[in-house]
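For the sequence shown, the numbering used here gives the first residue as 350, with consecutive numbering after it. Below is one structure, written out as structure tokens; the observations come after it.
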Amino acid sequence: MKIDISAVNPLTCASPALVIGCCEDETDEIFSACNAALDGCLERMKASGEFTGKEKSSRLIHTLGKLPAERLLLVGLGKKSELNEERLRQAAGNAVQALRGARVGSFASVVHRAGNLNAALEAVCEGTLLGSYSFEQYKTRDNEARFSFQEMTLLIPADADKQKCRTRVEQATCICGGVSLARDLVSHPGNIVTTGYLAETARELAARHHMKCEILERDELERLGMNALLAVGRGSVEPQRLIVLEYRGGGKNDHPVVLVGKGITFDSGGISIKPGAGMEEMKTDMAGSAAVLGTLSAAAGLQLPVNLIGIIPTAENMPDGTAYKPGDVITSMSGLTIEITNTDAEGRLILCDALHYALTCKPSVMIDLATLTGACVVALGHEASGLMGNDQRLVNALKKAGEICGERLWELPLWDCYGEGMKSDIADLKNAGTRDGGSITAGWFLKQFVGKTRWAHLDIAGTAWGSTARPYSPKGATGVGVRLLIEYLKGI
Ligand code: BES
Ligand code: MN
Ligand code: ZN
350 MKIDISAVNP LTCASPALVI GCCEDETDEI FSACNAALDG CLERMKASGE FTGKEKSSRL
410 IHTLGKLPAE RLLLVGLGKK SELNEERLRQ AAGNAVQALR GARVGSFASV VHRAGNLNAA
470 LEAVCEGTLL GSYSFEQYKT RDNEARFSFQ EMTLLIPADA DKQKCRTRVE QATCICGGVS
530 LARDLVSHPG NIVTTGYLAE TARELAARHH MKCEILERDE LERLGMNALL AVGRGSVEPQ
590 RLIVLEYRGG GKNDHPVVLV GKGITFDSGG ISIKPGAGME EMKTDMAGSA AVLGTLSAAA
650 GLQLPVNLIG IIPTAENMPD GTAYKPGDVI TSMSGLTIEI TNTDAEGRLI LCDALHYALT
710 CKPSVMIDLA TLTGACVVAL GHEASGLMGN DQRLVNALKK AGEICGERLW ELPLWDCYGE
770 GMKSDIADLK NAGTRDGGSI TAGWFLKQFV GKTRWAHLDI AGTAWGSTAR PYSPKGATGV
830 GVRLLIEYLK GI
């Protein structure tokens, strides 16, 4: 969807629909002016409870020539005192859902004010762009049901700095482009998004944004001793790869922020095979890598003044005569030996080699993102990603970024005692313990490979895919991680 900016008065704005926000406990001048133009219709709807202004509420009406806009969409902003940017994103998302239902593809929207105009503008753009996302590439019939948005005109106050507003719109568009890329990658099935597809995507991003991209293939991984990554992919015909994508926006001598993303293009569980029900969802097991690619794309588009390296270990976890199996002992790149007790605990294996490899980049911080454990879904549901780390400042900075952008994180402890269950009789470590504290023991395992480098781990198993729609995240892939990391990077 294209976003345009205009300083025209909402009351004189001609458009298929005009969107205005309204709080449940207070109305503003635009509401009053529209109400007057519509002969008191809006006040009546409020009095009768047809439109409450509560969050998640909306109401679309025809203006029958009483306003230049053909329709008026009222969206609820909830309580005035609770109005913040997240509420604006949600309201904008609800607005596009209502417009999609009515098949209105072009509209104008007032920038509902929650404090700062620029921040509100960005929030409305994000809610709109993310809320209007759909993934229909594999639908060949039902063309009639298809619908896509064309344009939104954002109505800004006459005295606002138009150029500044334009820049903010461009920035929001850039960030949402990164989120959409991540959503697309996660939405595509595993027979399309293979390890080669991820590598090709990284190469394309590098070409578009003048970034450096290196793909380490099997022989190179063998030479480096990345046996944990190699083991996981051994049962698949799709070759394992390590993707390294580098964006340099910072100073020549600035140590990079390294982002590591789990790229399992399909997780069958391997020889420790998963039950059949719901296994199709395991095409999303590369959501961490999608977030890393989306973030690099957005960071380069925004020209953020940081040095950033994305590292993606990618493989497909399949059972086969050649597959790795329970009882195997593997020597990871770090030299630590690992007894395989469950081939379904594959994420930590590909990540431990990638994290060890990442140390050679001398990172200022490392952040990994992974759909790592079902236990994290049990603990936090779909509302927050699990957060662990070895540096409280980094953990706090990420938490704060999550609060600001609406991708919330919840910290779990990484105490040494959690390592007890990960000791092996035959090797240095085993790759899976009991079910108890499963997200933490997975995090504890990763911690053994980061040395003294400041590091944080995000378990996005519960947040990468939504089986129900949210205001600005339709059912399916959420693209979680991109906005969070951009917000974090903006702050450093
Ligand atoms: N990819 C899964 C985790 C997952 C589960 C992601 C549900 C998204 C939704 C991961 O590789 C896995 O299978 N983890 C195991 C670990 C266990 C064997 C120690 C799990 O969580 O059951
Ligand atoms: Mn698994
Ligand atoms: Zn997995």
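For each residue, glycine too, the CB sits at the ideal point set by N, CA and C.
* **Status (buried if at least 16 other CB within 10 Å, exposed otherwise) for H705** => Burial call: buried.
* With which residues is S734 paired in a DSSP beta bridge? -> Residue pairing by DSSP places S734 opposite L758 in a beta bridge.
* **Residues that DSSP places opposite N666 in a beta bridge** => Residue pairing from DSSP places N666 in a beta bridge opposite D616.
* **beta strand (DSSP E) runs wholly inside the segment 412 to 477, at least 3 long, in chain order** => Those beta strand (DSSP E) runs which fall completely within the segment 412 to 477 and span 3+ residues are 420 to 427 and 455 to 459.
* To do: Please classify I689: is it buried, with 16 or more other beta-carbons within 10 angstroms of its beta-carbon, or exposed?
  => Classification of I689: buried, given that the 10 Å Cβ count is 16 or more.
* **Identity of the residues DSSP links to R597 by a beta bridge** => Answer is N656, bridged to R597.
* Less than 8 angstroms between the CB atoms is what I'm expecting for V831 and G643, so what's the real figure, rounded? => Rounded, the Cβ-Cβ distance is 4 angstroms, consistent with contact.
* Take V355 and list the residues in its own chain whose beta-carbon comes closer than 8 angstroms to its own, dropping the five residues that flank it on each side. => Contrary to the premise, residue 355 reads as Ser rather than Val in this sequence. Contacts found: C362, A457, T502, L503, L504 and I505.
* Can you tell me the Cα-Cα spacing of A551 and C562, whole angstroms? -> Distance from the CA atom of A551 to the CA atom of C562, rounded to whole angstroms, is 7 angstroms.
* **Proximity winner among L645, F484, L578 and V606, relative to R557 (alpha-carbon distances)** => Of the residues L645, F484, L578 and V606, the one whose Cα lies closest to the Cα of R557 is L645.
* **beta strand (DSSP E) runs contained entirely in the segment 540 to 575, provided each spans 3 or more residues** => List check, beta strand (DSSP E) in window: 561 to 565.
* Out of F615, L591 and E752, point me to the one whose CA is closest to L700's CA. => Of the candidates F615, L591 and E752, the one whose C-alpha sits nearest the C-alpha of L700 is L591.
* Asked: Say the cut is 7 angstroms; is the CB of N666 nearer than that to a heavy atom of the ligand MN?
  -> Within 7 angstroms of the C-beta of N666 there is at least one heavy atom belonging to the ligand MN.
* Apply the 10 Å Cβ neighbour rule to P624 and answer buried if 16 or more other Cβ atoms are within range, or exposed otherwise. => With fewer than 16 other Cβ atoms within 10 Å, it is exposed.
* Determine the burial state of S497: buried for a count of at least 16 other Cβ atoms within 10 Å of its Cβ, exposed for fewer. => Its Cβ having fewer than 16 others within 10 Å, S497 is exposed.
* For the ligand ZN, is there a heavy atom less than 7 angstroms away from the beta-carbon of E375? -> Not one heavy atom of the ligand ZN lies closer than 7 angstroms to the C-beta of E375.
* L729 versus A810: straight-line alpha-carbon distance, rounded -> L729 and A810 have their alpha carbons spaced roughly 10 angstroms apart.
* To do: Would you check if the distance between the CB atom of T663 and the CB atom of A813 is smaller than 8 angstroms?
  => Judged by their CB atoms, T663 and A813 are not nearer to each other than the 8 angstroms cut-off.
* Expected contact under 8 angstroms - CB spacing of A472 and R515 to nearest Å -> About 16 angstroms separates the two Cβ atoms, so there is no contact after all.
* Could you give the distance in angstroms between the alpha-carbon of N492 and the alpha-carbon of G627? -> For the pair N492 and G627, the Cα-to-Cα distance works out to about 28 angstroms.
* Sheet register partners of G627 (DSSP bridge) -> Beta-bridge pairing links G627 to no other residue.
* **Sub-8 angstroms separation of R517 and N467 beta-carbons** => Contact annotation: R517 and N467 have beta-carbon atoms nearer than 8 angstroms.
* S788 - DSSP class collapsed to helix/strand/coil -> In the structure shown, S788 sits in a helix (DSSP, three-state: H, G or I).
* Asked: Any heavy atom of the ligand MN within a distance shorter than 7 angstroms of the CB on A694?
  -> Under cutoff, so the answer is yes.
* Say whether the segment 772 to 779 touches the segment 676 to 696, bearing in mind that this needs 3 or more beta-carbon pairs closer than 8 angstroms, one atom from each stretch. => Between the segment 772 to 779 and the segment 676 to 696 there are three or more C-beta pairs closer than 8 angstroms, enough to call the two in contact.
* Asked: If you drop the 5 nearest sequence neighbours on each side, which residues of the same chain put their C-beta closer than 6 angstroms to that of R583?
  -> So the qualifying residues of the chain are T671, A672 and Y673.
* How would you write the range of the alpha helix (DSSP H) that C383 sits in, first residue to last? -> Looking at the DSSP string, the run of the alpha helix (DSSP H) that includes C383 is E378 to A386.
* Asked: Alpha carbon to alpha carbon, what distance is there between D702 and N666?
  -> Spanning the two alpha carbons is a distance of roughly 16 angstroms.
* To do: Return yes when at least one heavy atom of the ligand ZN lies under 7 angstroms from the C-beta of D808, else no.
  => For the ligand ZN, no non-hydrogen atom lies closer than 7 angstroms to the CB of D808.
* Work out the CA separation of V678 and I753 for me, nearest whole Å. => Our two residues, I753 and V678, have alpha carbons roughly 44 angstroms apart in a direct line.
* Asked: Just to confirm, are L807 and L736 a CB contact at a threshold of 8 angstroms?
  -> Cβ atoms of L807 and L736: closer than 8 angstroms.
* Regarding T663 and the ligand BES, is the C-beta to nearest heavy atom distance less than 7 angstroms? -> Checking the Cβ of T663 against the ligand BES gives no.
* Quick one: give me the first and last residue of the alpha helix (DSSP H) that T314 is part of. => With the chain represented from 350 up to 841, any question about residue 314 goes unanswered, as that position is not in the structure.
* To the nearest angstrom, how far is it from the Cα of L581 to the Cα of I661? -> Reading the sequence as shown, one finds Val at residue 581 and not Leu. Separation of V581 and I661 (C-alpha to C-alpha, rounded to the nearest whole angstrom) is 14 angstroms.
* Asked: So, helix, strand or coil for K796, using DSSP?
  -> Note: K796 maps to helix in three-state DSSP.
* **A577 (DSSP reduced to helix, strand or coil)** => Helix, per DSSP.
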